[in-house]
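See below for the structure under consideration.
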Amino acid sequence: MALVPYDGNYLPALSKLHNSSVEFDFAQHHVRLTQDWNTLGVAAVVWDAAVVLCMYLELGQVELKGKVAIELGAGTGLVGIVAALLGAKKVTITDRKPALDFLAANVKENIPPDQLAAVEVSELIWGQGLERYPEGGFDIVLGADIVYLEDTFPSLLQTMNYLCSNSTVVLLACRIRYERDTKFLNMLKQNFMVQEIHYGKERDIYIYKALKLTGKDL
Numbered sequence: 010m011a012l013v014p015y016d017g018n019y020l021p022a023l024s025k026l027h028n029s030s031v032e033f034d035f036a037q038h039h040v041r042l043t044q045d046w047n048t049l050g051v052a053a054v055v056w057d058a059a060v061v062l063c064m065y066l067e068l069g070q071v072e073l074k075g076k077v078a079i080e081l082g083a084g085t086g087l088v089g090i091v092a093a094l095l096g097a098k099k100v101t102i103t104d105r106k107p108a109l110d111f112l113a114a115n116v117k118e119n120i121p122p123d124q125l126a127a128v129e130v131s132e133l134i135w136g137q138g139l140e141r142y143p144e145g146g147f148d149i150v151l152g153a154d155i156v157y158l159e160d161t162f163p164s165l166l167q168t169m170n171y172l173c174s175n176s177t178v179v180l181l182a183c184r185i186r187y188e189r190d191t192k193f194l195n196m197l198k199q200n201f202m203v204q205e206i207h208y209g210k211e212r213d214i215y216i217y218k219a220l221k222l223t224g225k226d227l
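Per the working numbering, the sequence shown starts with residue 10, numbered consecutively.
Structure, rendered in structure tokens:
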């Protein structure tokens, strides 16, 4: 979600993020994504959390076929693209406005023409303009490595609460780096039932499933 260019001179371990493109094989498709670290920073590169979440989606533990999904803070759009390739009926891939043209180009590059109408790229600033989206109108909410700026936690939670019905499945993939990451999960548990469902040891990524608490659960 954040469009913050980093100084690559101090991040040699992340040099792969400066590659102009990256390629994967998901959902029986070859996916090639453009990256643009220098212009858009963290919003325009593929992070490990997105890769691990896509690998998990491929396992079929969460039914995507015929579902309406939304990806928050999509960045390159990898997760939303894979959700569409796995059969989601409608996928809305969101981020801030500066990233949208870049994001749309990746979608056009990787979604077959006959499926493009089912994938929408849309601006979403967490906590703002939510009325443009159907309240509780999504079966699945996806987020990869979107929990990192503590100032955004209240607006992110507000957004999730708005988008989710009692039956919506939220899947969040993240690396638990700092105390603030655990703080977010604790905040999420105030309105959602949260369960760790997968740990990708090789990349040190956790996937959490969240379901909105009903009145009887509160």
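By construction, the Cβ of each residue, glycine as well, lies at the ideal position given by its N, Cα and C atoms.
Distance from lysine 221 to asparagine 195 at the Cβ level is roughly 16 angstroms; contact not present, criterion being Cβ atoms closer than 8 angstroms. Closest by C-alpha distance to glutamate 129, out of Leu158, Leu165 and Lys98, is Lys98. The DSSP-derived three-state label of glycine 209 is strand. In the DSSP assignment, glutamate 67 falls within the alpha helix (DSSP H) that extends over 57-67. Per the DSSP secondary-structure output, leucine 42 pairs in a beta bridge with Val31.
Each of Tyr142, Lys218 and Arg105 was checked against the Cα of alanine 53, and the nearest Cα belongs to Arg105.
Scanning Thr177, Ile134, Gly209 and Ala219 for the CA closest to the CA of glycine 84 turns up Ile134.
Threonine 43 and glycine 209 have their C-alpha atoms roughly 24 angstroms apart. In chain order, Leu73, Val91, Ala92 and Leu95 place their CB closer than 7 angstroms to the CB of leucine 66, counting only its own chain and leaving out the 5 sequence neighbours on each side.
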